[in-house]
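Undergrad: Below is one structure. I have some questions about it.
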Amino acid sequence: MKWIKFLLPGIVFGIVMAKSEAISWFRIQEMFRFQSFHMYGIIGTAVVPGAIGIALIKRTKIRDFHGHPIQFQPKEKGIVRNLAGGTIFGLGWALSGACPGPIVVNIGYGFFAMIIVFIFANAGTFLYGYFKDKLPH
Amino acid sequence: MIAAIMFFLIYFGQSFGFSSNLRTICAAAGLGKKVTFFDFNWRSKIWNLVFLAGAIIGGFIAHQFLSEPGAAVQISPSTVQDLAKLGFGAPTSLQPDELFGWDAVFSVKGFLLLAISGLLIGFGTRYAGGCTSGHAISGLSNLQWPSLVAVVGFFTGGLIMTFLIFPLIFKQ
Numbered sequence: 012m013k014w015i016k017f018l019l020p021g022i023v024f025g026i027v028m029a030k031s032e033a034i035s036w037f038r039i040q041e042m043f044r045f046q047s048f049h050m051y052g053i054i055g056t057a058v059v060p061g062a063i064g065i066a067l068i069k070r071t072k073i074r075d076f077h078g079h080p081i082q083f084q085p086k087e088k089g090i091v092r093n094l095a096g097g098t099i100f101g102l103g104w105a106l107s108g109a110c111p112g113p114i115v116v117n118i119g120y121g122f123f124a125m126i127i128v129f130i131f132a133n134a135g136t137f138l139y140g141y142f143k144d145k146l147p148h
Numbered sequence: 025m026i027a028a029i030m031f032f033l034i035y036f037g038q039s040f041g042f043s044s045n046l047r048t049i050c051a052a053a054g055l056g057k058k059v060t061f062f063d064f065n066w067r068s069k070i071w072n073l074v075f076l077a078g079a080i081i082g083g084f085i086a087h088q089f090l091s092e093p094g095a096a097v098q099i100s101p102s103t104v105q106d107l108a109k110l111g112f113g114a115p116t117s118l119q120p121d122e123l124f125g126w127d128a129v130f131s132v133k134g135f136l137l138l139a140i141s142g143l144l145i146g147f148g149t150r151y152a153g154g155c156t157s158g159h160a161i162s163g164l165s166n167l168q169w170p171s172l173v174a175v176v177g178f179f180t181g182g183l184i185m186t187f188l189i190f191p192l193i194f195k196q
């Protein structure tokens with residue numbers, strides 16, 4: 012029961028990603044070629060209500076389910092890490108047309124070739140951890 | 025819907041960011057003994073692995089129960105034209121066989137493309153400290169400057185791949 016509250020939103024996430032076609036390589040290509048509003052619509056309808064909601068949470072100081080104040084972890088600063096890391100990520104995202112969420116939704120959908128992408132994404136994260144101290148951030 | 029999922033996770037004391045799972049999996053595999061980056065209490069992140077399992081189930085449900093067989097993605101005709109120049113046929117499903125069909129997967133080139141893509145995604149997301157969910161959705165919603173920089177990076181990389189590298193690797 013403890014985990015069901017994370018399993019259910021995961022299932023909803025998977026269905027929404029698949030049914031909105033956000034897991035499709037074709038849709039990602041269309042996005043990077045600026046030939047349709049489709050993906051921008053999906054991201055925009057997440058970010059605009061998201062920003063309004065987070066602003067409201069901060070203003071009203073609502074507490075979470077456990078009664079703790081809701082705190083937002085600030086993202087780590089650093090132009091180099093965000094720009095270089097982001098660019099490396101973008102290269103991979105455009106190539107397979109999937110970011111980490113859609114990779115696993117694709118596997119569930121039945122595109123088992125994505126298992127290769129998933130395994131190597133773990134390897135990539137391991138390489139980052141291994142070389143972390145040698146990289147500029 | 026995606027915003028609703030994010031708020032749901034926030035309400036239960038967590039945050040919406042998918043790629044942290046990759047670090048958690050490395051940690052759960054025992055790599056923390058070799059690399060300190062993976063030496064943390066990964067059990068506190070099991071909730072996110074459960075979310076990941078849900079996402080796989082969601083993909084399965086969407087395919088088995090909520091989609092018509094053979095439904096193709098209706099992408100813009102100009103994208104179909106551009107992709108045809110790279111040797112990709114018009115969509116017949118969600119994904120192109122040229123990349124994800126078994127013939128492609130069991131060719132050296134096809135396998136390498138998927139593997140390299142995975143390496144870039146996994147390395148880049150942790151270097152930048154987030155992926156599309158953690159930066160583009162959670163980060164931008166929280167008006168984080170680092171996330172905007174990362175999203176600029178996502179698009180820089182995506183455009184380089186699409187317009188400079190694709191013509192080289194998918195040459196007719």
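Keeping their order, the protein sequence lines are chains A and B.
Mind the numbering: the first sequence is residues 12 to 148 in the working numbering, read in order.
Mind the numbering: the second sequence is residues 25 to 196 in the working numbering, read in order.
All C-beta atoms in this analysis are idealised placements derived from N, C-alpha and C, irrespective of residue type, glycine included.
Of all the residues that make up the segment 63-75 of chain B, which are near chain A by a beta-carbon distance shorter than 7 Å?
TA: Within the segment 63-75 of chain B, the residues whose Cβ lies closer than 7 Å to some Cβ of chain A are W71, V74, F75, listed in chain order.
Undergrad: Indicate the three-state DSSP secondary structure (helix, strand or coil) for R235 (chain A) in the structure shown.
TA: Missing from the structure shown is residue 235 (chain A); chain A here goes from 12 to 148 and no further.
Undergrad: If you check the beta carbons only, do T156 (chain B) and R44 (chain A) fall under 8 Å apart?
TA: Reading the second sequence from its first residue, position 132 is the one you call residue 156 (chain B). Reading the first sequence from its first residue, position 33 is the one you call residue 44 (chain A). The answer is no: Cβ separation not under 8 Å.
Undergrad: With the cut-off set at 8 Å, would you say G182 (chain B) and D75 (chain A) are in Cβ contact?
TA: Here residue 182 (chain B) is taken as the residue at index 158 of the second sequence, counted from 1. Here residue 75 (chain A) is taken as the residue at index 64 of the first sequence, counted from 1. Against a cut-off of 8 Å, the Cβ pair of D75 (chain A) and G182 (chain B) comes out as no contact.
Undergrad: Among A:E87, A:S47, A:A29, A:I22, whose alpha-carbon lies nearest the alpha-carbon of I99 (chain B)?
TA: In the second sequence, residue 99 (chain B) corresponds to position 75, counting from 1. Nearest of A:E87, A:S47, A:A29, A:I22 to I99 (chain B), Cα basis: A:S47.
Undergrad: Just to check my reading of the structure: A27 (chain B) and G64 (chain A) have Cβ atoms closer than 8 Å, yes? What is that Cβ distance to the nearest angstrom?
TA: As a first step, residue 27 (chain B) is located in the second sequence; it is residue number 3 there, counting from the start. As a first step, residue 64 (chain A) is located in the first sequence; it is residue number 53 there, counting from the start. So it is a contact: roughly 6 Å between Cβ atoms.
Undergrad: Flag T149 (chain B) as yes if its beta-carbon sits less than 8 Å from any beta-carbon of chain A, otherwise no.
TA: Within the second sequence, the letter at position 125 stands for residue 149 (chain B). True, the Cβ-Cβ gap to chain A drops below 8 Å.
Undergrad: Opposite R38 (chain A) in the DSSP bridges: which residues?
TA: Start at 1 with the first residue of the first sequence, and residue 38 (chain A) comes out as number 27. In the DSSP output, where bridge partners are listed per residue, R38 (chain A) has none listed.
Undergrad: Does any residue of chain B have a CB that is nearer than 8 Å to the CB of P80 (chain A)?
TA: Taking the first residue of the first sequence as 1, we reach residue 80 (chain A) at position 69. No, because no Cβ of chain B sits closer than 8 Å to the Cβ of P80 (chain A).
Undergrad: Look at the alpha carbon of A95 (chain A) and the alpha carbon of I81 (chain B), and state the distance between them as a whole number of angstroms.
TA: Within the first sequence, the letter at position 84 stands for residue 95 (chain A). Within the second sequence, the letter at position 57 stands for residue 81 (chain B). Cα to Cα, the separation comes out at about 33 Å.
Undergrad: Can you give the beta carbon distance from M12 (chain A) to A33 (chain A), rounded, assuming they're within the 8 Å contact cut?
TA: Counting from one through the first sequence, the residue named residue 12 (chain A) turns up at place 1. Counting from one through the first sequence, the residue named residue 33 (chain A) turns up at place 22. In fact, because the Cβ distance is near 30 Å, the residues do not count as touching under 8 Å.
Undergrad: How would you list, in chain order, the residues of chain B whose beta-carbon sits under 7 Å from the beta-carbon of R44 (chain A)?
TA: Taking the first residue of the first sequence as 1, we reach residue 44 (chain A) at position 33. Those within 7 Å of R44 (chain A) in chain B are T103, D106, T186.
Undergrad: Based on DSSP bridge pairs, tell me the residues matched to R74 (chain A).
TA: Reading the first sequence from its first residue, position 63 is the one you call residue 74 (chain A). Looking at the DSSP assignment, R74 (chain A) forms a beta bridge with A:P80.
Undergrad: Of the choices A:F129, A:P20, A:C110, whose alpha-carbon is the least far from that of V74 (chain B)?
TA: The sequence position of residue 74 (chain B) within the second sequence is 50, counting from 1. Cα-wise, what sits closest to V74 (chain B) is A:P20.
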